[in-house]
Structures are given as structure tokens and as C-alpha cells.
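Engineer: Going by my numbering, the sequence shown opens with residue 16, and the numbers climb by one from there.
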Amino acid sequence: MITRRELISLLLALGITSPKALARAVEQPQRLYDLPPYGDCTLLYLTDLHGQLRPHYYMEPPNLLAPQPLLGQPGYITGAAFLRYYGIQPDSLLAYLGSYLDFATLAKRFGLIGGAPQITALIRSQQQAAERPVLILDGGDDWMNSGPSLRTRGEALVDWMNLSGFQHMVYHWEYTLGRARVEELEKKLKAQVLSYNTTDDTFGDPVYPAYAIHPAGRYTVGVIGLTYPYVKVSHPEEFTEGLSFGIKEERLQQTVEELRSKGVDAVVLLSHGGLPLDTALARRIRGIDLILSGHTHDLTPVRLRVGNTFLVAGGSGGKVLARIDLALKRGGIANLRLRLLPVLSRVLPEDPAAKALVERVYRENPDLLEPIATVESLLYKRDTLYSTLDELACRAIEAHYPETEVIFSPGTRWGTTLLPGEALTLDRILAYTGFTYPEVYVFKLRGEQIKGLLEDVAANVFTPDPFYQQGGDMSRTYGITYTLRIDAPSGQRIQDIAVRGRPLDPNREYRVAAYGGRLQRLGKPIPGHTPRPVYDLIVAYAKGEGRIQLPPRPNVRVPERNYHLPVPGGTE
């Protein structure tokens, strides 16, 4: 529990300096989150928790590289550009939540973020304070990618959602539990899954309700669900056997029109499509009043507007709970108030039931919190091209398979951040390697195949049309260097590739290791290599090292863009 001295220090950092305000906040810290009732309906929106039940740190990406047509647009701004775009003061709480600048300093000032007990308490307090109809919505990627999610096969997160009162959710990584397990958990889940774009392969029938309608005083609100359209591209197909997804733009337009024909006043799209795709949908689909955007982990401190559609992106990892108050009118939204409520673990109370749930999970899995090594440099995950956590994984793979020449690590967005001086635990390792398909495979690929793979990923990540972006960031590589020309034609973006300091030979076979994907299907297996989970290799490597010192050293050159590093002091 936070001490009085720590609380006063934090309140001063938040800009609360008057004696009266300090006294009130010290007696009732939750008053930091007081908002007067507004409008006709309140939405409480959380997205991309990725199974993180305990407070943690999460640094935003130093780089969000984009093709020329998308430069400077929300979804592709970070660091100082993010602060300028949204008018955020450096060194402020919003700067800590939304950028990587001075991260280590601000992390010490504002503390850990997130935590299931804190989020539950915040949801309940906001629900009581709204004095209006309240909808509690989850934007997907909630159940997976952590130690608790793996050990309980998603059940701990379903239990938490139930006691927190979520009413609707959409899916993406949830499907990596396998379709049978998802359907098993749905029998326990109290929230209603919505999806206009999930259909049965056999007959094309919808699997879930496309929408739900809720009264809001004199008005009604319709909520449509959008499952991540490219589940079958981003994960092995066997997880979703018998299902199909896709954007299905015409079906979305028909769903909106069906809601309008029923007299619904405001149409909300609960989307796991990502901010770039959701922005494109706002331009192309008529009649959506508000899009709640997940998947790309973007954070929008202010509401965005595209045509007649509002957009709000809710971040990730439990950093914030977005409160959206809607003032409605016949046929739409008259006005909208957005507040990103920071989940400051040192300030918020813990909900007793959620706290008991989290404590039980970790009591039953005590190895998750046992120290493995000491971290001596910033370990972070999110970036377009490179991260120190990915390098840690690749070094661990190399230590176990020293014959490998090239190593691939997937460009997933989820993970956490460790500050110098922290203990590396299995819990933190699983926060960025929590796959249900974590095995490391060793195989052979020809040089031309390696270049082709990188070109395919770059074509996906850097296409200027969001409708064709089908994954996360660039796959990370180890043992090779290359030049990235973002705006070059497809097939010509990856240049000057070198493997272990020597130019890539397109005809030579290289020994390659990879995990968290399907690359091994393209190569020739090397006999004598038994696949092992990547997190087991990291644990073994970290124990052997004792201390982890990995200053950032990207292996990709990007001549046409400024490429930033999270250096001490935090300036760009």
C-alpha cells in the first residue's frame, strides 16, 4: 500500500499543489478519478490487456515507422511527435503513459501501471459515479500472453472479466487457445461476444451475434463487434479450424443499416482491427458514430474525428481505462467526453475479490515470481524493428543452438518493460513470450528464401493501404544486418543483407532458428534438434548470465527515416 509520503510526492508530480486539494486527495486518493456525470450513456473501455494481472511497466515504442502516405497520422506517431500532436507537456503523467521519452525517470516518479485488482476497483467506482447507463466493453486480446493465462488456459482472465462486470468483448489472440478451449470458456464467460465478421466455414452462418442494443434513457445505443480480420494469417490455421474472418466491408455496412432501421440512435463499433484500419473504415462505412479501436496498442489522449465518426484507441497492458461519456441525440452522438483514467497501482485501491483471484493464481504458480537474474539495462519490447527483449530471446536461442546463423523473433506488440535493477522473473519472460506455440525450431533456408521472407513481412507492415496490413511489427532478426527502404517498391525494400558480416548468398543454405510462427514449414528440418519452448531457453540463459546487460543495438539501417533509441535522459 502506498505511504502518505509517497502519495504526496506523487500528487505533486501530478500537478496537485494547493494545500486544500492536496489534503482532499491524501484523504481520498480515488478523488483523482472523480468526474461529474455527463450525457446520456457512459462507456468504460479496456483493450489489449494481454493477460497482465499484476502491475508492471510498459514503455511505448521509440519508433513507429510508416510509409510516406501515412507519416504523421495517428497510429504512426511516437516520442516527441506524439507529445506535439496531442499537446502533451513533457515529463507529465500523459507523457509517461503515451511516449518513451524519459521513461525510466517517469516510471520511478509515477510507478507501476495496471493490475487486475486496481482495474476492477476503478471500473466499479466509475460505474457508480456515472449516474447514467454504463456499458463495460473489452476490445480483445485479454485472455492470452502471460504466465497466468498459460497456466490456467485463459480461465483466470475469464474469472476476472466476470467479477469486473464486462458486458461485451471481441477476439483475436484468444483464439490461440484453440477453438475448442475458447468455446469451453465461453460457457463460463458472462460477457457477450460480438462479431459481425466471424462465420462458419461450412454454411457461412454467423457464429456470434453481430451486435447488441442497449437503452440509454430516451435513446438507444447499438454495439457492433469486429474480430481481428486476419486471425488465420497471424496464427496457425488449426486454432480456428472451421471459421473464417476478414474485413467483410459490405456485411459491416449492412449491419450498420440494420441497426439504423431498428431506430438505434448511436452506433458504436467495438473493433480489434487496429487504428489505421479503423480510420479507413470510418472513411468508407456510413453511419458509424464511434469506433473503439484495439489491436495496435495505440493510445489517443483526445478523441479523434474522421468525417462524422469519433475514434478512441485504448492503449494496452491495462495502462488506462477509457471513460467515454456520450451526449446523444436522435440518430447520433451530439457530443462526447473522453477521459483516459490512468491505472496507477500506487494510488488506486484494490478490489478484494480481484486481489484474492490474483493471489490465488500466483500462490498456485510460485515459480512465476522467483528471481532468475538481475536486469542492468532497460529491457523493452515494442518497436517497429528491434527490441532488447527480442535480442535477449535470440541470444538465448544462440546459446542453446550455437550452430545457428540466423534467428527470427516475432514482431508481436505485447510484452512488458523492465527497468535497470529489477529482477527478471518467469512472469516477466512469459509477458512477451506467452505463446501457446512457443517451440524453437532449427531448419535450413536458402539465402533467397530469407530475403523473400523479409520482403513479405515488409510488404505487410509498410503497405500504405491499411486494408492490407495483416500483422504486427517487422520480425526481429539476429545474426544478420540489412538496409530497409520503406518507400521502395514491393520486393525491393530489403537491401544489403549480410549474415554474420558476410553478404547474403542467395543460393546457400543457412541454419535458421525461429519461434512463435510458421517459418519452419518453409525450410528443411535439421536432424537431432528437439523443439523447446523459447521461454525455457531464456530462463536457462539468464540463470547462466546472472546479470542482463543489453544496451539497444538495432541491426537494421533505415536511411529515409530518423530511427530513435531509448537512451538515458530520454531525449531524441
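For every residue, glycine included, the Cβ atom is placed at its ideal position computed from N, Cα and C.
Remember, it's a predicted structure, so these values are computed and weren't measured experimentally.
Closer than 6 Å by C-beta to residue 128: which residues in its own chain qualify, once you throw out the five before and the five after it? Chain order, please.
Structural biologist: Start at 1 with the first residue of the sequence shown, and residue 128 comes out as number 113. 334, 358, listed in sequence order.
Engineer: When you compare only the Cα positions, how much space is there between residue 279 and residue 330?
Structural biologist: By 1-based counting over the sequence shown, the position of residue 279 is 264. By 1-based counting over the sequence shown, the position of residue 330 is 315. Their backbone Cα atoms lie some 28 Å apart in a straight line.
Engineer: What are the residues that DSSP puts in a beta bridge with residue 350?
Structural biologist: Working through the sequence shown from its first residue, we reach residue 350 at position 335. According to DSSP, residue 350 bridges with 342.
Engineer: Where do the ends of the beta strand (DSSP E) carrying residue 422 lie?
Structural biologist: Position 407 of the sequence shown, counted from the start, is the residue given in the question as residue 422. Segment 421–424, the beta strand (DSSP E) holding residue 422.
Engineer: Going by the DSSP bridge assignment, what does residue 133 pair with across the sheet?
Structural biologist: Looking up residue 133 in the sequence shown gives position 118. Per DSSP, none; premise fails for residue 133.
Engineer: When DSSP labels each residue in this structure, what does residue 321 get in the three-state scheme?
Structural biologist: Within the sequence shown, the letter at position 306 stands for residue 321. Residue 321 falls in the strand class under three-state DSSP.
Engineer: My understanding is that residue 75 touches residue 57, with C-beta atoms under 8 Å, so please give their C-beta distance in whole angstroms.
Structural biologist: Sequence index remark: in the sequence shown, residue 75 carries index 60 (1-based). Sequence index remark: in the sequence shown, residue 57 carries index 42 (1-based). At roughly 27 Å, the Cβ-Cβ gap does not stay under 8 Å, so residue 75 and residue 57 are not in contact.
Engineer: Determine the closest residue to residue 361 out of 100, 110, 122, with distance taken between C-alpha atoms.
Structural biologist: Indexing the sequence shown from 1 puts residue 361 at position 346. Among 100, 110, 122, the Cα nearest to that of residue 361 is on 122.
Engineer: Is the beta carbon of residue 533 closer than 9 Å to that of residue 454?
Structural biologist: Locating residue 454 in the sequence shown gives position 439, where the first residue counts as 1. Locating residue 533 in the sequence shown gives position 518, where the first residue counts as 1. Their beta carbons are not under 9 Å apart, which means residue 454 does not touch residue 533 by this criterion.
Engineer: Would you call the CB atoms of residue 62 and residue 415 closer than 9 Å?
Structural biologist: As a working mapping, residue 62 is identified with position 47 in the sequence shown. As a working mapping, residue 415 is identified with position 400 in the sequence shown. Contact flag unset, no.
Engineer: Once DSSP output is grouped into helix, strand and coil, what is the label at residue 224?
Structural biologist: To locate residue 224, count along the sequence shown from 1; it is residue 209. Coil at residue 224, not helix or strand.
Engineer: Does the segment 377–393 touch the segment 557–567, meaning 3 or more C-beta pairs lie closer than 8 Å?
Structural biologist: Cβ pair count under 8 Å is three or more, so yes.
Engineer: Whole angstroms is fine: what's the gap from residue 578's alpha carbon to residue 114's?
Structural biologist: Reading the sequence shown from its first residue, position 563 is the one you call residue 578. Reading the sequence shown from its first residue, position 99 is the one you call residue 114. Their backbone Cα atoms lie some 15 Å apart in a straight line.
Engineer: In the structure shown, what three-state DSSP assignment does residue 370 receive?
Structural biologist: Residue 370 sits at position 355 when you count from the first residue of the sequence shown. In the structure shown, residue 370 sits in a helix (DSSP, three-state: H, G or I).
Engineer: Answer yes or no: do residue 636 and residue 284 have a C-beta to C-beta separation smaller than 9 Å?
Structural biologist: Because the chain is modelled from 16 through 587, residue 636 falls outside the range shown and cannot be assessed.
Engineer: If we ignore side chains and look at the alpha-carbon of each, how far apart do residue 288 and residue 166 end up?
Structural biologist: Within the sequence shown, the letter at position 273 stands for residue 288. Within the sequence shown, the letter at position 151 stands for residue 166. Their Cα atoms are separated by approximately 28 Å.
Engineer: Using a Cβ-Cβ cut-off of 6 Å (strictly less than) and excluding sequence neighbours within five positions of residue 68, which residues of its own chain qualify?
Structural biologist: In the sequence shown, residue 68 corresponds to position 53, counting from 1. 131, 163, 373, listed in sequence order.
Engineer: Comparing alpha-carbon positions, which option in 369, 342, 438 lies nearest residue 384?
Structural biologist: The residue given as residue 384 occupies position 369 in the sequence shown. When each option's Cα is compared against that of residue 384, the closest is 438.
Engineer: Is residue 55 closer than 9 Å to residue 232 when the C-beta atoms are compared?
Structural biologist: Counted from its first residue, the sequence shown places residue 232 at position 217. Counted from its first residue, the sequence shown places residue 55 at position 40. Result yes, Cβ atoms of residue 232 and residue 55 sit closer than 9 Å.
Engineer: Can you say whether residue 410 is buried or exposed, counting buried as having 16 or more other CB atoms within 10 angstroms of its CB?
Structural biologist: As a working mapping, residue 410 is identified with position 395 in the sequence shown. Result: buried.
Engineer: Any contact between the segment 76–86 and the segment 472–482? By contact I mean 3 or more CB pairs, one from each, below 8 Å.
Structural biologist: A contact exists between the segment 76–86 and the segment 472–482.
Engineer: Considering only residues of the same chain and omitting the five flanking positions on each side of residue 469, which have a CB-CB separation below 6 Å?
Structural biologist: The residue given as residue 469 occupies position 454 in the sequence shown. Closer than 6 Å at Cβ, skipping near neighbours: 509.
Engineer: Can you give me the start and stop residues for the beta strand (DSSP E) that residue 235 sits inside?
Structural biologist: Translated into positions along the sequence shown, residue 235 becomes position 220. 234–241 is the extent of the beta strand (DSSP E) around residue 235.
Engineer: Identify the residues that DSSP records as bridge partners of residue 286: which are they?
Structural biologist: Working through the sequence shown from its first residue, we reach residue 286 at position 271. Answer by DSSP bridge pairing, in chain order: 241, 308.
Engineer: Thinking just about the alpha-carbon of each residue, which of 102, 207, 503 is nearest to the one in residue 150?
Structural biologist: Residue 150 sits at position 135 when you count from the first residue of the sequence shown. The shortest Cα separation from residue 150 among 102, 207, 503 belongs to 207.
Engineer: Would the beta-carbon of residue 441 fall within 9 Å of that of residue 530?
Structural biologist: One-based indexing of the sequence shown puts residue 441 at position 426. One-based indexing of the sequence shown puts residue 530 at position 515. Not a contact, by the Cβ cut-off of 9 Å.
Engineer: Does the Cβ-Cβ distance between residue 157 and residue 184 come in under 9 Å?
Structural biologist: Along the sequence shown, one-based indexing puts residue 157 at 142. Along the sequence shown, one-based indexing puts residue 184 at 169. Yes; because the gap between Cβ atoms is below 9 Å, this pair is in contact.
Engineer: Roughly how many whole angstroms lie between the Cα atoms of residue 461 and residue 568?
Structural biologist: For the purposes of this step, residue 461 is identified with residue 446 of the sequence shown, where counting begins at 1. For the purposes of this step, residue 568 is identified with residue 553 of the sequence shown, where counting begins at 1. Residue 461 and residue 568: Cα-Cα distance of roughly 26 Å.
Engineer: Could you tell me which whole beta strand (DSSP E) segments of length 3 or greater appear in the segment 122–181?
Structural biologist: Counting only runs of 3 or more, we get 149–153.
Engineer: To test your reading of the DSSP string, which unbroken alpha helix (DSSP H) runs of 4 or more residues are found completely within the segment 420–484?
Structural biologist: Segments of the alpha helix (DSSP H) lying fully in the segment 420–484: 441–448, 462–476.
Engineer: Using 9 Å as the threshold, is the C-beta distance between residue 297 and residue 237 below it?
Structural biologist: Position 282 of the sequence shown, counting from 1, holds the residue named residue 297. Position 222 of the sequence shown, counting from 1, holds the residue named residue 237. Taking 9 Å as the Cβ cut-off, residue 297 and residue 237 do not qualify as a contacting pair.
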